[in-house]
Each structure stands twice: as C-alpha cells, then as structure tokens.
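Colleague:
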Amino acid sequence: MQGNIKIAKGPINAKLLNKNNMEKIKKEFILEGLGCANCAAKMEQKINQLDGVNSANINFLTKTLILEIKESSRIEELIVAVTNIITSIESHVRIREKVIGKSVRKEILLEGLCCGNCAAKIERESNNIDGVKSAVVDFISTKLTIEIDDSTKQNTIVDDVKRIVKRIEPDVNVVVIDNNYRVLKSQKEETEDNKSEIVKLAIGAMIFGIATAMKFSNSIELFLYLASYLLVGGKVVLGALRNIRKGQVFDENFLMSIATIGAFAIGEYPEGVAVMLFYQIGEMFQDLAVNRSRKSISALMDIRPDFANLKINDDIKKVEPEEVKIGDIIVVKPGEKVPLDGKIIEGNSMVDTAALTGESVPREVVVGDNILSGVINKNGLLTIEVEKGFGDSTVAKILDLVQNASSKKAPTENFITKFARYYTPAVVFAALALAVIPPIIIEGATFSEWIYRALAFLVVSCPCALVVSIPLGFFGGIGGASKNGILVKGGNYLEALNDVEMVVFDKTGTLTKGIFKVTEIKSENNISEHELIACAAYAENYSNHPIAMSILRAYGNEIIIDKIKDYEEISGHGVKVVLDGKEVLAGNYKLMNKENISYKQINTIGTVVHVAIDKKYAGYIVISDEVKEDSAKAINALKVIGVKKTVMLTGDNKTVGTKIAEELGLDEVYTELLPDQKVEKLELLFRKKSAKGKIVFVGDGINDAPVLARADIGIAMGGVGSDAAIEAADVVIMTDEPSKIASAIKIAKKTRSIVMQNIVFALGIKLIILVLVAFGLGTMWEAVFGDVGVALIAVLNAMRAMKVENI
10 MQGNIKIAKG PINAKLLNKN NMEKIKKEFI LEGLGCANCA AKMEQKINQL
60 DGVNSANINF LTKTLILEIK ESSRIEELIV AVTNIITSIE SHVRIREKVI
110 GKSVRKEILL EGLCCGNCAA KIERESNNID GVKSAVVDFI STKLTIEIDD
160 STKQNTIVDD VKRIVKRIEP DVNVVVIDNN YRVLKSQKEE TEDNKSEIVK
210 LAIGAMIFGI ATAMKFSNSI ELFLYLASYL LVGGKVVLGA LRNIRKGQVF
260 DENFLMSIAT IGAFAIGEYP EGVAVMLFYQ IGEMFQDLAV NRSRKSISAL
310 MDIRPDFANL KINDDIKKVE PEEVKIGDII VVKPGEKVPL DGKIIEGNSM
360 VDTAALTGES VPREVVVGDN ILSGVINKNG LLTIEVEKGF GDSTVAKILD
410 LVQNASSKKA PTENFITKFA RYYTPAVVFA ALALAVIPPI IIEGATFSEW
460 IYRALAFLVV SCPCALVVSI PLGFFGGIGG ASKNGILVKG GNYLEALNDV
510 EMVVFDKTGT LTKGIFKVTE IKSENNISEH ELIACAAYAE NYSNHPIAMS
560 ILRAYGNEII IDKIKDYEEI SGHGVKVVLD GKEVLAGNYK LMNKENISYK
610 QINTIGTVVH VAIDKKYAGY IVISDEVKED SAKAINALKV IGVKKTVMLT
660 GDNKTVGTKI AEELGLDEVY TELLPDQKVE KLELLFRKKS AKGKIVFVGD
710 GINDAPVLAR ADIGIAMGGV GSDAAIEAAD VVIMTDEPSK IASAIKIAKK
760 TRSIVMQNIV FALGIKLIIL VLVAFGLGTM WEAVFGDVGV ALIAVLNAMR
810 AMKVENI
C-alpha cells in the first residue's frame, strides 16, 4: 500500500476560492399568499439566474425565500429585481423580509400519541399554518417541534396546533414544553386508562366466547355479539364517527369500523367481533412495544443530572442545575452525576464516562483537571468550579442533539411518509372496486362474497407498520450510536453514511494526538536558546494552536502581556509581533520567504518553527507530534468495510505528511495546505467520486469548520466540549478514536438493513394478503395479521437497531 501513495504538494498562494472570498449576505423573505408550487419553482429558477445572486431557495411549504447575495453593495438592487420576478409570476404575492432574531422554536409534547399515520397528518397540517417556518413530529418521543417566523405569533400558532391535534387525535394531551431537556423523562404511562381498556376487552372476550360456544336463539345471539362488539370496539367506532365529522376519513378507526360493521351487515357476526377483538389486542401489544422502545432509547440518554450540590460558604444546598452560575462552587459526592462542566479544585476520584463516550474503563481525575457534565463520580469527593452554565454544558448539548436528531429525516423516512399518504386511499378505492365490479361482470358472483373480500382489503390498508417502525429504526440507530460515543445529528446523516466512498482526514488532533512537545531548539547569530524560545513564546502567546501551546510550555515562564505590541496573525504562515521594540516573526518557511529572510532549511520529522528578530534569522524550534495508536487500525477498518480511498489533508510539511501517510497506509496525502486550499482539494476529490458516493471529512472541529461544512458528511473528532465541533459537524465522535468512524458506518449499515427488512416485510406481507383476499383464499383473520401483526413484528425488529455490542 505504501508504495502506491500519491504525494501532492499544495500550491503556495494566498488566494482564496472565489466562492469563499466573496462577501456573502443572507436574507430571508416571507412570500405571503404563495399558493402555487410550480410558480415557486419558476421563481426560484429565475432568481438563481440573476447576476449577483449566489443562491436562492424557495420553500413552498413554509412560503420562505432564502436569498444569498454575493456583494453587500448590491442588496437593494437585487431585492428590487427579485420582487419584480415574484410579482411577474404571481402578482398577488406580498414579499415581506423576515426579521432575523425574532424567530422562535417551540416544542410541544403530544402525550398519548400512538398512531404513526396520525402523527404524519399532524406534521403536514402544522406545516401549513401561516407563520410556521417548519414543523416536525418526532413520533418516538411524541414531540412536535415548530419553528415560528415571528415570536409575536407564537401563542396564536400554538392554539392552531392544539386545534389540529384535537381534531386528528382527540385523546392526545397537548403540553407546551418549557424545558426540552426533560422531554424524554416526561413520558407518562396512562396506567388507569390501560387497566379500564383491558377490563373492557376481557369482558367483551368473555361474552364473545359465551356467544360462540353455546347455542342461543338468533335474537339473543345477535344481542350477545353486539354487546361484545360495543365493549371491544365501541371506542374505535366513536373515534371514526368523530373523525368523519371533522373531515378525517381515511384513518385506522374508520377502516376497522367499516370492515367489522360490514361483516355484521352480511351476517358474519362472529367474524366482525373477532376481527375487532384481535385488532384491539394487536394494537395494545403494538403500543406496548413502541412504549418499551421509547423507554429503552430514553434510557440510553439518561445522563441528565437531577440536581447540583451548590456550596455557599460552609453550607451545601441541593439546587436545580439551571440555578448554578459560572464561577459557583459545587460538590459531587461518590455515585452522583457531575451536573455541570468545570475544573476540579479539590479532591481526586475515578469517573465513569461511559454515558458520554461509550468507554467502559473509568478515568482518574485530579485537581486542575477539566471535568464534563454527565460523567459519574465513582469513589472520591470532588469540589468543582463551574465554567459553563447548564444550557451550554456538554450534557445539555448532547441531549439536545440526540432528542432533536429525528427532526432531520432520512430520505427513506420522507419516502415512507409520502407513500403512506397515497397507499391508504389507493387500497380503499381498490376495495370499493372489488366490492362492486366482480359481482357485475362475473356470472354467479354474489355481492355478499365480494363485499366480504373488500372488507378484508380495508383491514390491510393502514400503513402504520411502516409509519411507526421506520422512524423507530433510525432513532434506534441514532440512540445506539450515542451509546457507543458517536453523536449523529439526524437520520439523513445516518443514511448517508451507507454510501461513503472516500474518507478525508485532517492530521493534527485527528490522526495524531495533537500533543506537541518541543524536541529541539537551535539558535543562530549570537542569540541564546533561552532568548529564542522566549521570543517564540511571546509571539505565540495569543494563539490557541497546539504548536503554540507546546512552545509556551517549553518556555515555562510568565508572559508579561504589556511587552507585546502590534500582534498580527498571518494565516497559514505564522505570527508577527513587536516585542520590546523589536519585530519578532515566528512561523513556517513560507513566512520567512514572504518576509525575504534567509533561513536554514531543515529536513526533520516534526514541525519546524523559524524565528526572525528585526528581519534577521534567529534560529528554529522543532516540535514533534505522535500518531494515535488507534489511527492505523481505523484506516484498515475503513478499507475492510468498503471505503475506496483514504486521504489526508495537512498544513504540515511534506516530510512529516509523507511519513505519517506511509505509516498509516493512506492512499493519498496533500501537504502544506492553507485552510482555503483544503476546501480546494476537497472540491477536486468531489470530481473523482461517483454520483451516489459520499465524501466524509474528519477534523478536530477547531480549525476545520469550512471543510467540515463542505463535505457530504463532516465528522468532528474528540468533540465533547468543543462548541466549534458540535456546530460545524454532522457527526461528533466523543472520544479521540478514529476507529469510531468505521463503527459509525457499521451502525448506519445495520440500521438501513433493519429499515429495508421492515419495508420489504411489511409491504410484502400486505401485498400477499391483498392478493389472497382478492382471489378468495384469505379471510379477515389474515388481514388482521397483515395490519397489527406485521406492525408489531416490524416494531420489535426496529428495536435491534439500538444494539451495538457486536459493532
């Protein structure tokens, strides 16, 4: 492998890519009155053709235009041009600029929501509310998340949502969430209702058994079957009538009511009751399976601390984590969760980080160490100075990411949602045709026989098996990944990981430890080594780069800030400062070339920092980094699972880049790259992949935000506590292990496999039953299995996505 490595040295220039160099202004507009999707597409196309417009996107559902303008000087001119285009296509549309900063996100808990198809209807209708930018129902956590354009409209919009929910699912309790970190813990089991339903079913089943087993007159038999039916299915029939009155026809209640009442109408009393009874039992088991899956996924993220021990003078007060402020002192006792991020000022202990990182081995922490919220203190007493409020803490960010991951739906989920919309009406009309056409055109056929077949058709026509199990599969995969120390921001990214062709790595902090150490100091021109390292330390004082930190550690003395004047960071080259009246330059050879300073060329394995004082070369410092023990294993694991190419992009010199690439078995390496040149190289790699293939970029999330954002999937390494990583990346690896990338891809593949199994199984069984019923070879019994039985099996299968032990 090493012999095939292609080494490419990045071009030495400071020119940024045109699209990144331009000053881009983003504007959002509300298109009030927009009612034609085709017209919206025409508007978008014409606006994109305007000179000066970088991109234009019209969301027809939310009636929003997002406009990206290349130059701020042309804003007014382009807005006029855009307005003319919109009004020329739809003259009645009013364009209103969206006031950025006034938008608000509301989260609403839908307690008791148990119908996946109804959840899709609630989402669809909520998206059509005027003023709603987007609405997403997460069926797994029974949460509706709505983004509202104008905060002043939020009360009206929430009232509209409540009306929609009550019309579609009257028994659902609508609760506006104030603290979204408590969502998964706030699910209520309606035990009393469940008990009463079980009692009704039991009594109904007993009456049904008596009517079936014993001989009665026709009138008594009919009375017993009707009593049994009303006890077992009365709630379903009432729900169907209520929904019909509100215009909701094609739902599960209606379909089951028509099928079973139809069975009574043609004299099949036992079958009418039995179908409703077994449907209700199946629904109960399905709800139980879904609730258990919700609890299991919730348990994976049961990391939210319930309280904090706040130290006030010599007293300890137990308070909510939200009440603790930055700078406060908290005490964490053995067995308690650390409630907030901070620094240990007293004590030492072993901490369990499994909930955050998936690592089973406890870590030791001592005075001076940073500690993250969500970890469990094992044995010692820790006193911690709080460095972040709860809203900005690690545990809050992780909970927010995982709980909101379902809002970014995978393409498969979107397809199933659209499919479900048309599947039920199609089967209902097919049932109608089956009931009417054959008795007319087939000699000897009776209406009662074909109506029975049509009624069985209706039983199979609910798409709940897919609508429930597919999102559950993706959410289970996301939950299982988080248990393994991998945060995936949405089902769309989890599905995209299935098609990874190329993985592109940053070097420092990703494939290497990023823990630099000064290994050589060589001074020139009568400058002492102490003076050389001192000048470099003062020059690098304001930088947070690992190389700068290593120089400061090697210097070891206090930096007197007043000595530093005119600090200037030269991107991709180094820094320039004035120190005690002398100009000090510290950086790579490109900085020396830029300033026309003759320097000593060094060929060594390590990063070389050249130093010049008053334009005279003063010497160099060699800083070395170590490759992570996990890196070679990670590259090999990626190739084993089918990744076609692994590439490294680094700003380091050719010698260091080449050595690491050969050591790890990378296919290509590009060295001496400025940040913009990394994006440039990524663009070139995009041309080499297939149309369906995806490119992953893996970085440390500190200096790689542009490349993370440009890649199909951005993965941040060691991202716990790093705001930049969490913001820029689509996937966050919570440890420093590159091998977790292969684990993430395996979890994605397993999740898609389970989702596809459910799709094929559910549609396959339904199709088989529809064919059998149409030819008179199937009964309502098979049809009931095709509805609730298939749904139950699909839900149980989806639960396997959470298990990652063998990944």
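For what it's worth, our numbering labels the leading residue of the sequence shown as 10, then goes sequentially. Cβ atoms here follow ideal geometry from the backbone N, Cα and C, with glycine treated the same way. None of these values were measured; they are calculated from a predicted model.
1. DSSP on Y551, reduced to helix/strand/coil?
2. For G140, which residues of its own chain have a beta-carbon under 8 angstroms away from its beta-carbon, when the five flanking residues on both sides are left out?
3. Going by other Cβ atoms of all chains shown within 10 Å of its Cβ, with 16 needed for buried, is G110 buried or exposed?
4. Where in the stretch 310 to 355 do unbroken runs of the beta strand (DSSP E), each at least 3 residues long, occur, reported from the N-terminal end onward?
5. Using three-state DSSP, classify V620 as helix, strand or coil.
6. Can you tell me whether N182 is helix, strand or coil according to DSSP?
7. Pick from E394, E458 and A627: whose alpha carbon is nearest that of S532?
8. Just confirm the distance between the C-beta atoms of I827 and A792, as a whole number of angstroms; I'd bet it's less than 8 angstroms.
9. Expressed to the nearest angstrom, what Euclidean distance is found between the alpha-carbon atoms of F225 and F232?
10. Just list the beta strand (DSSP E) runs in the stretch 123 to 151, keeping only unbroken ones of 3 residues or longer that don't cross its boundaries, in chain order.
11. Would the stretch 686 to 702 count as touching the stretch 745 to 755 if we require 3 or more Cβ pairs under 8 angstroms?
12. If you run the structure through DSSP and keep just helix, strand and coil, what is Y234?
13. Opposite C66 in the DSSP bridges: which residues?
14. Our contact map puts G383 next to T403 with C-beta atoms below 8 angstroms; I'd like the distance itself, whole angstroms only.
15. Can you list the beta strand (DSSP E) stretches of 3 or more residues lying completely in the stretch 458 to 541, in chain order?
16. I need the DSSP call for D796, collapsed to helix, strand or coil.
17. Quick check: the stretch 651 to 658 against the stretch 674 to 682, are at least 3 beta-carbon pairs closer than 8 angstroms?
18. Please report the Cβ distance between N126 and C473, rounded to the nearest whole angstrom; I am assuming they are in contact, meaning their Cβ atoms lie under 8 angstroms.
19. Taking 6 angstroms as the limit between beta carbons, can you name the residues of its chain near A440, skipping five residues before and five after?
20. Candidates K130, A129, A49 and R83: which alpha carbon is nearest I94's?
21. Determine the direct distance from the alpha carbon of M293 to that of D337, and round the result to whole angstroms.
22. Look at the Cβ atom of S135, then the Cβ atom of A144, and state whether they are nearer than 7 angstroms.
23. On the DSSP bridge list, what partners appear for E120?
24. With three or more C-beta pairs closer than 8 angstroms as the rule, is the stretch 759 to 776 touching the stretch 737 to 748?
25. Going straight from the alpha carbon of A563 to that of I530, what length do you get?
26. List the DSSP bridge partners of N386.
27. Could you tell me how far apart the beta carbons of I704 and M558 are, in whole angstroms, since I believe they sit closer than 8 angstroms?
28. Which residue's Cα is closest to the Cα of V471: L247, V797, K142 and L658?
29. According to DSSP, which residues form a beta bridge with I722?
30. From K492 to A646, what does the alpha carbon distance come to, in whole angstroms?
31. So, with DSSP's three-state summary, where would you put E80?
32. Assuming contact is defined by CB atoms lying nearer than 7 angstroms, are C123 and D324 in contact in what I supplied?
33. Which two residues bound the contiguous beta strand (DSSP E) that contains D168?
34. What residue does the alpha helix (DSSP H) around G666 start on, and which one ends it?
35. Is there contact here, the stretch 485 to 505 with the stretch 605 to 622, by at least three beta-carbon pairs under 8 angstroms?
36. Does the beta-carbon distance from V174 to V183 come in below 7 angstroms?
Modeller: Considering the structure as presented:
1. coil
2. I157, D158, D159, K162, T165 and I166
3. For G110, the pLDDT reaches just 44, beneath the cut-off of 50, and the residue's location in the model is therefore unreliable, leaving the point undetermined.
4. 317 to 321, 324 to 328, 338 to 341 and 351 to 355
5. strand
6. strand
7. A627
8. Residue 827 cannot be examined here, being either before or after the span of the chain that is shown, 10 to 816.
9. 10 angstroms
10. 141 to 147
11. no
12. helix
13. Before going on, a small fix: residue 66 reads as Asn here, not Cys. BP columns for N66 point to I75.
14. 6 angstroms
15. 495 to 497, 509 to 515 and 526 to 532
16. helix
17. yes
18. 6 angstroms
19. A463, F466 and L467
20. A49
21. 49 angstroms
22. yes
23. N182
24. no
25. 10 angstroms
26. V360
27. Incorrect: roughly 31 angstroms between the Cβ atoms, too far for contact.
28. First, the residue type needs correcting, since residue 471 is Cys and not Val in the sequence shown. Nearest option by C-alpha distance: V797.
29. V705
30. 20 angstroms
31. coil
32. no
33. Segment Q163 to I177 is the alpha helix (DSSP H) holding D168; no beta strand (DSSP E) there.
34. K663 to L673
35. no
36. yes
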